[in-house]
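Structure first, then comments.
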């Protein structure tokens, strides 16, 4: 395992500190244990920093500017993915998450390294932006850092940071729109491109039925819709999935949880240099320190250890079956990265006891890809999560109904589903409710607005689809998260009346 690069100056040392936790978090998703995660993170960090330095000193021909590259954190996350691919090709795939191995050997992985014009729209859009603008967008949307912290990191005036972010979002949309028009596409996609641009510019714009059907079947246009629609809260998922690829949504959730912890009253405290992680017991060797880089070995490893411990509130069986992806990295964002120790002794503060069986508890499913397909334009949803109901559930006109629930896609800790309801009477507004058995959470919904209270989910008609003809159907889709089990929901109702489930 290579040694980590040595910071060239104080600015680069601070950059190392800011990025290491993100790299380690994604590497942990990609591997089956904390020791392997640290090895992958170290190798990828070295590769990514070398690529960043080369880009800084490689001017674009005839311009005098440096070559375009991703912002530092997504660049390093890409290095993790590329290093994992090299491990798979080099016979070290057994160290990786099995779901990642399937993805690396699929056509989906080829999109991120294939011809530039066929790469995801979000990836091309953010690469086409100035480094400062792209960094602002990524830190605020994906890393979920508060704007004052982002402003300090980037040297912006906190008073105008919100305005800057709005302008950067609009710039990202413009770059993604151009990238979408430039990519090779079928004639049908080309015919919908300008309509898609117009519909996604306003939250009040209605989505024509034929366009909605097209987005349900075309991955490229659905991805573009997620990037073009800046309202509805789907931009972070579009960025994470389009730039990182496998595990993008799981990484996004981890970073949000980590941000919540950082903003809470309790912050991780570094132990002394020979104490180890108190959760792990004694018997550990002392951690070697190598100047600036070695100062935070324990902080980063304790963070990873905490992230891998079972979450409270469940039974012993539930904890044993918890997904590897539910482990939450909790790290001080100012922590430095560890110095690499080729003998592996620097990983002593990790949490092997909790991660050694990480893959054993993973659910068995057919499609492990964490990148939602089909109607992934869900990220361009038309309403907020807690919008008011558009129909009275006690409406006397509510009719008997039949419900079809379809699990479109499922991956390590998320899924995509559609609900189709057939009603025997005409409706001027509708509310569909159901209950989940296993703690699933709806994160985004399209063609309806969603709210959730425990296992009870409520979907209300959007502004453009409240009317349903007699013997007609209404449908909507959503993204959700799950852990342990993902059984089908039950107790469907339409405007308060029970529905039969097909």
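Residue numbers (this note's numbering): -7 to 494.
Just so you know, even glycine gets a beta-carbon here, dropped at the ideal spot from N, CA and C.
Bear in mind that the values here come from a model prediction, so they are computed numbers and not experimental data.
Is there contact between the region 90 to 104 and the region 146 to 157, where contact requires at least three CB pairs shorter than 8 angstroms?
-> no
If we ignore side chains and look at the alpha-carbon of each, how far apart do residue 10 and residue 463 end up?
-> 57 angstroms
Excluding five sequence neighbours on each side, which residues of the same chain lie with their C-beta closer than 6 angstroms to the C-beta of residue 212?
-> none
How many angstroms separate the CA atom of residue 243 from the CA atom of residue 236?
-> 9 angstroms
Thinking residue 449 and residue 415 are a contact (beta carbons under 8 angstroms), I'd like their distance in whole angstroms, please.
-> Going by Cβ atoms, the distance from residue 449 to residue 415 rounds to 19 angstroms, so no, they are not a contact pair.
Per DSSP, residue 397 forms a beta bridge with which residues?
-> 411
Can you list, in chain order, the residues of its chain whose CB lies under 6 angstroms from that of residue 240, leaving out five sequence neighbours each side?
-> 232, 233
Can you tell which of 467, 447, 465, 441 has the C-alpha that lies nearest to the C-alpha of residue 455?
-> 441
Do you know how far the Cα of residue 250 is from the Cα of residue 423?
-> 35 angstroms
Is DSSP giving residue 442 helix, strand or coil here?
-> strand
Check whether the Cβ atoms of residue 447 and residue 407 sit closer than 8 angstroms, and answer yes or no.
-> no
Mapping DSSP to helix, strand and coil, what is residue 64?
-> helix
Just curious, the alpha helix (DSSP H) that residue 213 is in, first and last residue?
-> 211 to 220
In the DSSP assignment, find the beta strand (DSSP E) that holds residue 134 and state where it starts and stops.
-> Run containing residue 134: none; DSSP gives neither H nor E here.
Could you tell me if residue 205 is buried or exposed, where buried requires 16 or more neighbouring beta carbons within 10 angstroms of its beta carbon?
-> exposed
Of the residues 108, 405, 245, 121, the one placed nearest residue 175, counting alpha carbons only = 108
Could you give the distance in angstroms between the alpha-carbon of residue 105 and the alpha-carbon of residue 177?
-> 18 angstroms
Please report the Cβ distance between residue 453 and residue 488, rounded to the nearest whole angstrom; I am assuming they are in contact, meaning their Cβ atoms lie under 8 angstroms.
-> The pair is not a contact, with the Cβ atoms about 14 angstroms apart (cut-off 8 angstroms).
So, are the CB atoms of residue 474 and residue 430 less than 8 angstroms apart?
-> yes
Report the option in 200, 158, 42, 29 whose CA atom is closest to the CA atom of residue 223.
-> 158
Just the Cα atoms here: how many angstroms apart are residue 154 and residue 139?
-> 7 angstroms
State the start and end residues of the unbroken alpha helix (DSSP H) segment that holds residue 164.
-> 153 to 174
From what residue to what residue does the beta strand (DSSP E) around residue 189 run?
-> Run containing residue 189: none in the beta strand (DSSP E); it sits in the alpha helix (DSSP H), 179 to 191.
Beta-ladder partner(s) of residue 482, from DSSP = 427
Selection from 80, 171, 227 that minimises the alpha carbon distance to residue 22 | 80
The alpha helix (DSSP H) with residue 91 in it runs from where to where?
-> 90 to 96
Give the straight-line distance between the Cα atoms of residue 40 and residue 179, rounded to the nearest whole angstrom.
-> 38 angstroms
State the start and end residues of the unbroken beta strand (DSSP E) segment that holds residue 471.
-> 465 to 473
Among residues of its own chain, excluding the 5 on either side of residue 46, which ones have a beta-carbon nearer than 7 angstroms to its beta-carbon?
-> none
If we cut at 8 angstroms on Cβ distances, does residue 126 have a partner in chain B?
-> Included in the structure is just one protein chain, with no chain B present.
Residue 103 by DSSP, collapsed to three states: which one?
-> coil
Pick from 208, 161, 163: whose alpha carbon is nearest that of residue 181?
-> 208
Residue from 167, 83, 132, 135 whose Cα sits closest to the Cα of residue 115 | 167
Can you name, in chain order, every residue of its own chain whose Cβ lies under 8 angstroms from the Cβ of residue 144, other than the five neighbours on each side?
-> 150
By Cβ distance below 7 angstroms, which residues in the same chain neighbour residue 63 in space, the five residues on each side in sequence not counted?
-> 123, 126, 127, 130
Which residues DSSP lists as bridging residue 23, in chain order | 88
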